[in-house]
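Using the working numbering, read the sequence shown as starting at 418 and increasing by one per residue.
Quick notes on the structure that follows.
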Amino acid sequence: MGLGENIRLDTPLDMAGWTVKTSADVESNFTSVERLQHFKNVQQEASKEAKITAWPSKGKVVFENVQLRYRPHLPLVLRGVSFSISPGQRVGLVGRTGSGKSTLMPLGREGQDTVLHLGLKSEIRVSPSVKFAGQSGVTMVQSDGLSLEDDLYMRLKDLKRQMEFLDIQEEYIKDEMKNLKREMIRAQEEIKRVQSVPLVIGQFSEMIDQSHGIVSSTAGSNYFVRILSTLNRELLKPNCSVALHRHSHAVVDILPPEADSTVQSMAMSEKPDVTYADIGGMDIQKQEIKEAVELPLTHKELYAQIGIDPPSGVLLYGPPGTGKTMLAKAVANMTTATFIRMVGSEFVQKYLGEGPRMVRDVFRLARENAPSIVFIDEIDAIGTKRFDSQTGADREVQRILLELLNQMDGFDQDTTVKVIMATNRHDTLDPALLRPGRLDRKIEFPLPDRRQKRLIFQTITSKMNLSEEVDLEDYVSRPEKISCADIAAICQEAGMQAVRHNRYVILPKDFEAGWKDHAKKKDRDFDFYGF
């Protein structure tokens with residue numbers, strides 16, 4: 418078949434490895450009459466549906482409407498296909514996908530070269546030196562309506578896109594490998610840290626030489642230990658926190674000089690919502706605490722002009738419920754200073770040395786956040802008079818007191834740190850704590866008199882819905898000794914009586930019920946609340 422020639426295709430082809438030239442050759446291969454008759458029927462159907470189109474100008478053969486009709490014996494039969502190809506010629510098989518191009522597999526006889534196998538999915542395949550029908554040097558090309566050059570170009574573009582995509586994937590995989598390696602290293606370090614021996618927290622006491630020192634553990638024992646050679650010796654100061662090896666107790670690290678976490682939590686992040694207006698009466702106490710605490714922090718230049726030092730500490734003493742803690746909250750609200758609140762019993766710890774260390778941490782925190790106010794409530798828990806103690810617990814409490822005295826009036830005294838202490842039993846406090854220079858001003862909070870009662874009642878009931886029949890002056894003039902907390906409890910109970918009876922107004926009988934519950938005559942008076 419040459420270019421420009423008409424083509425007649427009438428030979429059936431198969432994929433079993435041989436070419437059929439006539440119908441008689443096909444019929445001779447059947448062993449049963451039923452299969453032979455079925456084959457003849459299939460031949461007729463295939464010849465009716467097949468439509469052959471020749472393009473003489475381009476030398477192409479087009480397969481149209483060719484379907485797979487016969488399967489029992491031959492894998493595929495194409496009826497009406499027959500052509501001859503001269504050596505050195507090229508033939509293009511063009512058609513839609515599935516029309517039969519890939520099934521055209523002419524096989525050579527024995528002694529001839531391997532015949533071209535056109536692949537699946539309509540891909541272009543070229544076979545060199547193919548022998549067909551006893552002739553050699555034939556090249557066959559399969560295409561889905563594209564020329565050889567166009568199909569190769571499209572294939573090249575697809576391969577380039579695949580190469581670019583593979584390059585991007587390669588870069589992504591490399592980055593992921595780097596990230597995974599870093600994660601693996603971090604995980605290995607974390608595993609080593611978890612599996613390592615835990616360290617013991619101790620206090621550094623004294624440096625013996627460059628390689629040895631004395632430390633004390635949290636259990637109270639002192640050890641002569643080695644010091645790691647990589648540690649900075651200038652940071653090893655007495656009473657600094659260090660990390661000790663669990664078995665050898667060698668100093669392996671120096672902890673940062675930060676306040677203890679329990680002390681850090683005592684620093685109030687928000688100011689109390691109590692003001693001087695919320696405290697009824699106590700005009701003298703308010704004036705004294707303003708002069709001792711508030712003015713030195715807000716108007717320090719006034720004391721400098723006069724040439725005097727402001728008071729460094731204030732002691733608030735009196736019976737329970739007289740407003741000592743409430744007045745300290747009002748001071749914290751009126752100033753911008755850091756307010757640190759502690760209770761005396763919190764300094765008493767389980768292990769020896771922990772209490773004095775906590776006192777140092779409290780004042781260190783106050784100096785770091787100066788100006789600041791340190792309020793220690795119930796100071797009588799650690800500030801009692803010293804005596805010849807026989808137990809270790811009593812000696813530990815006395816050591817806490819000594820550290821407190823040193824921090825209040827020692828070589829490291831700071832005028833920007835004010836100390837307010839409150840107690841109900843000032844008569845039990847150590848004289849060294851009460852002396853001027855440490856607690857310069859002592860403010861007494863006695864039980865309120867008639868005028869103070871009136872002011873306290875007016876302050877507490879200012880936000881309450883009282884009936885016009887309620888006469889507060891009647892309760893003010895009564896002779897019972899009641900504290901500020903008792904007056905607040907009486908008003909609170911009167912309000913609860915109204916709520917209990919589903920009323921929105923507080924009646925006089927509600928106050929009478931509250932008075933009976935909270936203002937009964939005390940069995941005895943505590944004379945030790947006053948000097």
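Ideal placement from N, C-alpha and C gives every residue a C-beta, glycine not left out.
Taking Cβ positions, are residue i and residue j nearer each other than 8 Å?
{"i": "L733", "j": "K835", "result": "no"}
{"i": "K898", "j": "D847", "result": "no"}
{"i": "L653", "j": "G630", "result": "yes"}
{"i": "R643", "j": "S729", "result": "no"}
{"i": "L850", "j": "S884", "result": "no"}
{"i": "L755", "j": "S789", "result": "Residue 755 is actually Thr in this sequence, not Leu. Cβ atoms of T755 and S789: closer than 8 Å."}
{"i": "V617", "j": "S638", "result": "no"}
{"i": "T878", "j": "C901", "result": "no"}
{"i": "A911", "j": "D927", "result": "yes"}
{"i": "F862", "j": "K741", "result": "yes"}
{"i": "Q627", "j": "R650", "result": "yes"}
{"i": "I671", "j": "L648", "result": "yes"}
{"i": "D794", "j": "A749", "result": "no"}
{"i": "G619", "j": "V669", "result": "no"}
{"i": "V922", "j": "N882", "result": "yes"}
For residue i, which of helix, strand or coil comes out of DSSP?
{"i": "K926", "result": "helix"}
{"i": "H918", "result": "coil"}
{"i": "Y640", "result": "strand"}
{"i": "Y734", "result": "strand"}
{"i": "T755", "result": "strand"}
{"i": "K898", "result": "coil"}
{"i": "Q869", "result": "helix"}
{"i": "L846", "result": "strand"}
{"i": "I625", "result": "coil"}
{"i": "A550", "result": "Reliability of the predicted coordinates at A550 is poor, the pLDDT of 37 falling under 50, and no value is obtained from them."}
{"i": "D888", "result": "coil"}
{"i": "V765", "result": "coil"}
{"i": "D584", "result": "helix"}
{"i": "A667", "result": "coil"}
{"i": "I793", "result": "strand"}
{"i": "K746", "result": "helix"}
{"i": "I602", "result": "helix"}
{"i": "I696", "result": "coil"}
{"i": "A838", "result": "In the sequence as displayed, the identity of residue 838 is Met instead of Ala. M838 falls in the strand class under three-state DSSP."}
{"i": "L661", "result": "strand"}
{"i": "T801", "result": "strand"}
{"i": "V893", "result": "helix"}
{"i": "F447", "result": "Summary for F447: the model assigns pLDDT 48, below 50, so the residue's position carries little reliability; its value from the coordinates is reported in the next sentence. Residue state, collapsed to three classes: coil."}
{"i": "M418", "result": "Reliability fails at M418, whose pLDDT of 39 lies under 50, so the model's placement of it is uncertain and the value that follows must be treated cautiously. Note: M418 maps to coil in three-state DSSP."}
{"i": "I631", "result": "strand"}
{"i": "R852", "result": "coil"}
{"i": "K654", "result": "coil"}
{"i": "K859", "result": "strand"}
{"i": "G619", "result": "strand"}
{"i": "V614", "result": "coil"}
{"i": "L712", "result": "helix"}
{"i": "L883", "result": "strand"}
{"i": "V814", "result": "helix"}
Could you give the C-beta distance for residue i and residue j, rounded to a whole number, given that I count them as a contact under 8 Å?
{"i": "R871", "j": "V893", "result": "5 Å"}
{"i": "Y364", "j": "H662", "result": "No statement about residue 364 is possible, as the shown extent of the chain runs from 418 to 948 and does not include it."}
{"i": "G735", "j": "P865", "result": "The Cβ separation is near 11 Å, so there is no contact."}
{"i": "A710", "j": "V691", "result": "The amino acid occupying residue 710 in the given sequence is Val; Ala does not appear at that position. That belief does not hold up - the Cβ atoms of V710 and V691 are roughly 15 Å apart, past 8 Å."}
{"i": "S622", "j": "V632", "result": "6 Å"}
{"i": "I757", "j": "A798", "result": "Rounded, the Cβ-Cβ distance is 17 Å, inconsistent with contact."}
{"i": "N656", "j": "P737", "result": "37 Å between Cβ atoms; not a contact."}
Classify residue i: buried if its beta carbon has 16 or more other beta carbons within 10 angstroms, exposed otherwise.
{"i": "G931", "result": "buried"}
{"i": "H935", "result": "buried"}
{"i": "Q824", "result": "buried"}
{"i": "G724", "result": "exposed"}
{"i": "R425", "result": "Because R425 carries a pLDDT of 38, less than 50, the predicted location of this residue cannot be relied on, and the following value inherits that uncertainty. Exposed, since its Cβ has fewer than 16 Cβ neighbours within 10 Å."}
{"i": "I837", "result": "buried"}
{"i": "K933", "result": "exposed"}
{"i": "D891", "result": "exposed"}
{"i": "L821", "result": "buried"}
{"i": "E813", "result": "buried"}
{"i": "V791", "result": "buried"}
{"i": "R774", "result": "buried"}
{"i": "N402", "result": "Since the first residue of the chain shown is 418 and the last is 948, residue 402 is not available in this structure."}
{"i": "L818", "result": "buried"}
{"i": "T753", "result": "exposed"}
{"i": "P371", "result": "Not covered by the structure: residue 371. The range shown for the chain is 418 to 948."}
{"i": "Q722", "result": "exposed"}
Determine, for residue i, whether the minimum Cβ-Cβ distance to residues of chain D falls below 8 Å.
{"i": "R578", "result": "Absence of chain D from the displayed structure is noted, only one protein chain being present."}
field: Contact between the segment 692-708 and the segment 761-778 (3+ Cβ pairs under 8 Å)
entry: Fewer than three beta-carbon pairs drawn from the segment 692-708 and the segment 761-778 are found closer than 8 Å, and the two stretches are therefore not classed as touching.
Contact the segment 744-751 vs the segment 769-789: 3+ CB pairs below 8 Å: no
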